[in-house]
Amino acid sequence: MTSRAPALADHPAVSARTAPLPDRLTQATILLLSALTIMSGATIAPALPAMQAHFASTPHAALLVKLSLTIVGLVIAISAPLSGALADRHGRRPVLLWSLALYAVGGASGLVAMTLGGVLVGRVVLGLAVAGTMTAAGALVNDLFSGPARGRFLSQQAAFSSFGGALLFPIGGVLAAQSWRAPFGLYLLAALLLPLVWRLPRGVPAEVETAEGSSAAPRWGAVGVVYALALGYMVVFYLMPAQGPFLLRTLGAAPAMIGVLLGTFALTSAVTSLAYARAAGRFDPRRVAALGFALVAGGWAVVASAPALPAVVVGLILAGLGGGLVFPNLYTWLADLTPPAWRGRVTAGMSSAVFMGQFLSPLLLASPAGHEAHGFVWGAAAAVVMAAALLALSARQAIRPV
């Protein structure tokens, strides 16, 4: 078994704000954990049409199959606050270890589930797991990084997550071409991270930070704005994995090609996040996020009017450029607003907002049968509104970091 990382590992009185940057293996482990979030949906997205055909005799199969992708978000939205409280009380590492075990079991259950109901139960378990990994890992990032270093790592984290999607979408497409069950086997890879997570820092318990005088409550008004924007962004972003496969199918794309096209969107987001990492901390994160929203709006407008697959690719690249800017900047803004003792719980609220948006996406932006592009029209309009709101907010007040 690999030895644990020394930074903050077993002495809770050590302050993360004065600790050196974590070693490379610790950073790599956190980046791998971030890939699990997008993996929860990216892995099976290309298999949705085949899954719907398999369960065609099940009542409301079309809706339930889409919900098998997004119900994970509903479960996260409900359970993330509990994960955040546990991470603040008992530390980040214990929550991560239990969550990884649930991730492998719940995610891979689709390999053996005989009914659509059984698939949905497994997705519920997966949602509990993602809530734990996303919340505890996010709080750990805020423990270990501060200032410009935090912004750079958050951009790298967003890039790594998108790179994971760029890799997993095509792999999922190839596996889905063999069987709709095959992509579920990829969830077992989460178990390989257990030894790496075992050596992670436990985290800074809330009571220690409180004793150091850092118990001030967050500025909930500003935090609520970040939550609302994150929820809205996910409603818009999740159009592609939830409804994109059906639109692409009407344009003649095979399952493997659907995976490649979805991966194009994720890859563009990754490249954008990675490139922006060098400039993180130099600009108002709200304005950069507003630019990201505007690019996503333009991309979805192109997708909605695309007459053929080449035009869709142009839209995906444009939207991906914006997607790589939105999340790292929203998280940077949120971190600036969060006192140390509240990191787990505030990060949990962000997780709830993000995945509630994921769950609501196919419901709020549903396309009528035979008109799959309509959802992207509404998504483009929503992204424009959020971009305008962020620009107006950044013009009125400056960020006051905690």
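Here the sequence shown is numbered in the working numbering, starting from 3 and rising by one per residue. Note that beta-carbon positions come from the ideal geometry of N, C-alpha and C, so glycine has one too. The structure displayed is predicted, hence computed values, not measured ones.
| query | result |
| --- | --- |
| From the DSSP output, in three-state form, read off serine 114 for me. | First, the amino acid is wrong: residue 114 is valine here, not serine. Correct three-state label for valine 114: coil. |
| Using the C-alpha atoms, what's the distance from glycine 93 back to glutamate 209? | Residue placement at glutamate 209 is flagged as unreliable, the pLDDT there being 47, under the threshold of 50; a coordinate-derived value is accordingly withheld. |
| Count the other CB atoms, across all protein chains shown, that sit within 10 Å of the CB of alanine 281; report buried if there are 16 or more and exposed otherwise. | exposed |
| Taking all protein chains shown into account, do 16 or more other C-beta atoms lie within 10 angstroms of the C-beta of glutamine 54, making it buried, or fewer, making it exposed? | buried |
| Tell me whether the beta-carbon of threonine 39 lies closer than 8 Å to the beta-carbon of serine 163. | yes |
| When the Cα atoms are used, what is the spatial distance from leucine 250 to valine 114? | 28 Å |
| Mind checking whether valine 77 and leucine 130 have CB atoms under 8 Å apart? | yes |
| Check whether the Cβ atoms of alanine 82 and alanine 133 sit closer than 8 Å, and answer yes or no. | yes |
| Rounded to the nearest angstrom, what separates leucine 194 and leucine 395 at their Cα positions? | 43 Å |
| Going straight from the alpha carbon of glycine 112 to that of leucine 71, what length do you get? | 12 Å |
| How should glutamine 180 be labelled, buried or exposed, when 16 other C-beta atoms within 10 angstroms of its C-beta is the threshold for buried? | exposed |
| Would you say the region 230-246 touches the region 381-391, given that touching needs at least three Cβ pairs under 8 Å? | yes |
| Where phenylalanine 147 and leucine 188 are concerned, what is the direct C-alpha to C-alpha distance, given to the nearest angstrom? | 31 Å |
| Please name the residue in Phe361, Ala138, Pro185 whose C-alpha comes closest to that of alanine 87. | Ala138 |
| Excluding the five sequence neighbours on either side, which residues of its own chain have a C-beta within less than 6 Å of the C-beta of alanine 49, listed in chain order? | Ala178, Trp182, Pro185 |
| Applying the criterion that 16 or more other CB atoms from any shown protein chain within 10 Å of the CB defines a buried residue, is aspartate 90 buried or exposed? | buried |
| Compute the beta-carbon to beta-carbon distance between leucine 311 and alanine 255, rounded to the nearest angstrom, for a pair I have assumed lies under 8 Å. | 6 Å |
| List the endpoints of the continuous alpha helix (DSSP H) containing proline 51. | 50-56 |
| Could you tell me whether the Cβ atoms of threonine 266 and leucine 323 are closer together than 8 Å? | no |
| To which residues of the same chain is alanine 308 closer than 7 Å at the C-beta, ignoring the five residues directly before and after it? | Val314, Gly317 |
| In chain order, what residues of the same chain have a beta carbon less than 6 Å from the beta carbon of arginine 345, not counting five sequence neighbours either side? | Ala141, Asn144 |
| What residue range does the alpha helix (DSSP H) around leucine 198 cover? | 196-200 |
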